[in-house]
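Enquirer: Residue numbering for the sequence shown follows our numbering, starting at 1098 and increasing by one per position.
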Amino acid sequence: MSKEEFEAWIEAHPSDREAFTGLHTVIRRDGERLVAIPYSQYYGEFLEEAAAKLRAASKTATTPSLKKFLASRAEAFLSDDYYQSDMDWMDLDGDLEVVIGPYETYEDELFAYKAAFEAFLCVVDPQDSANLAKYKGELPWLERNLPIPDEHKNLDRGSESPIRVADEVYTGGDTRAGVQTIAFNLPNDERVREAKGSKKVLLKNMMHAKYNAILLPIAERAIPGERFDDVSFDAYFNFVLFHELSHGLGPGRIMKDGRETEVRLELKDLYSALEEAKADVMGMWALYELADKGLVDAAIVQSLPWTVVPGLFRSARFGITEAHGLGVVCQFSYLMEKGALAETPDGRLTPVQEKWRGAVTDLCRDLTMLQAVADYDKAQAWVQKYGQVPPVMRRILDALADIPVDVDPVYSHVGS
Ligand SMILES: [Zn+2]
């Protein structure tokens, strides 16, 4: 089906809009008609079995919040109404982080409307999680201080945003199929985000694996040799942490032409790439702001550009048809245009200290405003302008061919 056919159907059948653009329906042909079939029906035989297993797990769970979530998620599988179980998921407070359900829309290359099922099973690190809780209280301050006009700030957003650091012991579904994630920020339902914020889970064992196997070898080739010692795991960990925190900042539900809508629905297929780029850049902006306030170590922001540049190469290698990959190509082009990234005589890339932070702030403003205005044509023009791989980036990417693109976890704790 083409985009045009989908849009023409909604134009002619406005009452179908909600079901057609919903996260949890498949679109099928019924003769001449298009119909939206709920996941609970279309995938009924699988979801009924999964729901039964979740109910059984709920009976054996000892933590009340986990018991409650597993039971309400089982119900959601059969009703397609994930709201209550997303709310319950936000309240999980035990040693286990369990994620199971339809979440991300990256696989829907037509409009990014449809969610794919995935699962994570993680063991929480309570000490690290407690250390990070201090940043939670800074989210409203960061939102108020975003480098955009006040009218576009999302000041009513729920500020209950737990952060957990955990080790992943098993994953399945969508997340297992593509790039292995090092952090996630869920749920995506803007109603839950408005009410309770969103929860960030950082997967520390995955981050260590990728840092050692991929990021350090890239840094050895991408940045000047004398700055290699400035690359640090702490900077990498905080960059990822603030990337995730930034998904919870900025425009979400917005007013456009007098109607209430979401940035995600307006920017369609461009949304994921722009949101990922926004999260990278706003995360860096936030680290600098909090370092000014004395809440983030100076050593971390000092290492930040040297760690971020090889990190951007790491993401760009997933290709520009993937949201994170396209997002970082845009960042590279923009930072080069502003003189914040420069090529060294021996063909490496170096952040330009005196221009870096200013360019990061400008890019943060531009990306956030693209979302606040949510004009698809404007966003498309921006992605076309910055979404081309610069020659120096292409050359370095080509020279990284023998470094692994990703890690492939082996789960020794969980049987099949
Ligand atoms: Zn992200």
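Where is the CB? At the ideal position from N, CA and C, for every residue including glycine. Only a predicted model underlies this, so the values are computations on that prediction, with no experimental measurement involved.
For chain D, find out if any of its Cβ atoms is closer than 7 Å to the Cβ of glycine 1294; answer yes or no.
Expert: Annotation note: the requested chain D is absent from the structure, which comprises a single protein chain.
Enquirer: Counting C-beta neighbours from all protein chains within 10 Å, is the total for aspartate 1474 16 or more, i.e. buried, or is it exposed?
Expert: The residue in question, aspartate 1474, is exposed, as its Cβ has fewer than 16 Cβ neighbours within 10 Å.
Enquirer: I'd like the list of long-range same chain contacts for histidine 1480, defined as Cβ closer than 8 Å, with 5 residues on each side in sequence excluded.
Expert: Checking the sequence, you will find valine at residue 1480 rather than histidine. Taken in chain order, the residues that qualify are Leu1367, Ala1370, Leu1371, Leu1423, Cys1427.
Enquirer: Can you tell me whether alanine 1376 sits near ligand 3, meaning its C-beta is under 6 Å from at least one heavy atom of the ligand?
Expert: Summarising the ligand content, the structure contains ligand 1 and does not contain ligand 3.
Enquirer: Measuring straight from C-alpha to C-alpha, what distance separates isoleucine 1311 and leucine 1342?
Expert: Taking the straight line from one Cα to the other gives about 24 Å.
Enquirer: At a cut-off of 6 Å, would you count glutamate 1373 as near ligand 1, judging by its Cβ distance to the nearest heavy atom?
Expert: Glutamate 1373 Cβ: within cutoff of ligand 1.
Enquirer: Within the chosen definition, does the segment 1325-1338 reach the segment 1235-1252 through at least 3 CB pairs nearer than 8 Å?
Expert: Taking 8 Å as the limit for Cβ pairs, the verdict is that the segment 1235-1252 does not touch the segment 1325-1338.
Enquirer: At what residues does the beta strand (DSSP E) containing threonine 1122 begin and finish?
Expert: Here the beta strand (DSSP E) through threonine 1122 covers 1122-1127.
Enquirer: List in chain order: all unbroken beta strand (DSSP E) runs of 3+ residues lying wholly within the segment 1308-1385.
Expert: Complete beta strand (DSSP E) runs here, min 3: 1350-1353, 1356-1359.
Enquirer: Can you tell me the Cα-Cα spacing of lysine 1231 and alanine 1148, whole angstroms?
Expert: Taking the straight line joining both Cα atoms gives about 36 Å.
Enquirer: Let's test the definition: count the other Cβ atoms within 10 Å of the Cβ of histidine 1110 and tell me whether it reaches 16, buried, or not, exposed.
Expert: The residue in question, histidine 1110, is exposed, as its Cβ has fewer than 16 Cβ neighbours within 10 Å.
Enquirer: Valine 1360: buried (16+ other C-beta within 10 angstroms of its C-beta) or exposed?
Expert: Buried.
Enquirer: Apart from the five residues on each side of it in sequence, which residues of its chain come closer than 7 Å, Cβ to Cβ, to leucine 1467?
Expert: Excluding sequence neighbours, leucine 1467 sits near Leu1371, Lys1475, Ala1476, Trp1479.
Enquirer: Quick one: Cα of cysteine 1219 to Cα of isoleucine 1315, how far?
Expert: Whole-angstrom Cα-Cα distance: 28 Å.
Enquirer: Out of curiosity, what's the CA-to-CA distance linking proline 1259 and aspartate 1377?
Expert: Roughly 19 Å between the two C-alpha positions.
Enquirer: Between which two residues does the beta strand (DSSP E) harbouring proline 1199 extend?
Expert: Looking at the DSSP string, the run of the beta strand (DSSP E) that includes proline 1199 is 1193-1199.
Enquirer: Can you name the start and end residues of the alpha helix (DSSP H) that threonine 1157 belongs to?
Expert: Where threonine 1157 is concerned, the enclosing alpha helix (DSSP H) stretches over 1141-1157.
Enquirer: Looking only at DSSP bridge pairs, what is alanine 1133 linked to?
Expert: Partner(s): Ile1124.
Enquirer: Are glutamate 1201 and aspartate 1286 close, meaning C-beta to C-beta below 7 Å?
Expert: Their beta carbons are not under 7 Å apart, which means glutamate 1201 does not touch aspartate 1286 by this criterion.
Enquirer: When we look at the beta-carbon of asparagine 1282 and count the other beta-carbons within 10 Å, is it buried (16 or more) or exposed?
Expert: With 16 or more Cβ atoms within 10 Å of its Cβ, asparagine 1282 is classed as buried.
Enquirer: So what does phenylalanine 1217 bridge to, in DSSP terms?
Expert: For phenylalanine 1217, which the question treats as bridged, DSSP gives the partners Val1196, Thr1268.
Enquirer: Which one or two residues does DSSP pair with asparagine 1282 in a beta bridge?
Expert: Per DSSP, Lys1297.
Enquirer: What span of residues does the beta strand (DSSP E) with threonine 1418 cover, start to end?
Expert: Neither: threonine 1418 is in no beta strand (DSSP E) and is coded neither H nor E.
Enquirer: With DSSP as the reference, identify every bridge partner of arginine 1038, one or two as the case may be.
Expert: Summary: the structure shown does not reach residue 1038, with the chain confined to residues 1098 through 1513, and so no result is reported for it.
Enquirer: Quick one: which unbroken alpha helix (DSSP H) runs of 4-plus residues sit fully inside the segment 1397-1441? Chain order, please.
Expert: Runs of the alpha helix (DSSP H) inside the segment 1397-1441: 1420-1434.
Enquirer: Rounded to a whole number of angstroms, what is the C-alpha to C-alpha distance between methionine 1490 and tyrosine 1431?
Expert: Cα to Cα, the separation comes out at about 12 Å.
Enquirer: Would you check if the distance between the CB atom of phenylalanine 1214 and the CB atom of aspartate 1185 is smaller than 7 Å?
Expert: Cβ distance not < 7 Å, so phenylalanine 1214 and aspartate 1185 don't count as in contact.
Enquirer: Tell me which residues share the same chain as glutamate 1434 and place their Cβ nearer than 7 Å to its Cβ, disregarding the 5 neighbours each side in the sequence.
Expert: Same-chain partners within the cutoff: there are none.
Enquirer: Out of Phe1174, Gln1450, Glu1129, which has the shortest C-alpha to C-alpha gap to lysine 1150?
Expert: For lysine 1150, the nearest C-alpha among the options comes from Phe1174.
Enquirer: Roughly how many angstroms lie between the CA atoms of lysine 1301 and valine 1262, to the nearest whole one?
Expert: Taking the straight line joining both Cα atoms gives about 6 Å.
Enquirer: Please confirm if the segment 1347-1355 is in contact with the segment 1381-1390, defined as three or more CB-CB distances below 8 Å between the two stretches.
Expert: Contact fails: fewer than three Cβ-Cβ distances are below 8 Å.
Enquirer: I think glutamate 1265 touches methionine 1303, with their Cβ atoms under 8 Å apart; what is that distance to the nearest whole Å?
Expert: The pair is a contact, with the Cβ atoms about 6 Å apart (cut-off 8 Å).
Enquirer: Expressed to the nearest angstrom, what Euclidean distance is found between the alpha-carbon atoms of leucine 1313 and methionine 1379?
Expert: Whole-angstrom Cα-Cα distance: 24 Å.
Enquirer: Hey, would you say serine 1155 sits closer than 7 Å to aspartate 1190, going by beta carbons?
Expert: In this structure, aspartate 1190 does not lie closer than 7 Å to serine 1155 by Cβ.
Enquirer: Just grab the DSSP bridge partners of threonine 1447 for me.
Expert: In the DSSP output, where bridge partners are listed per residue, threonine 1447 has Ala1439.
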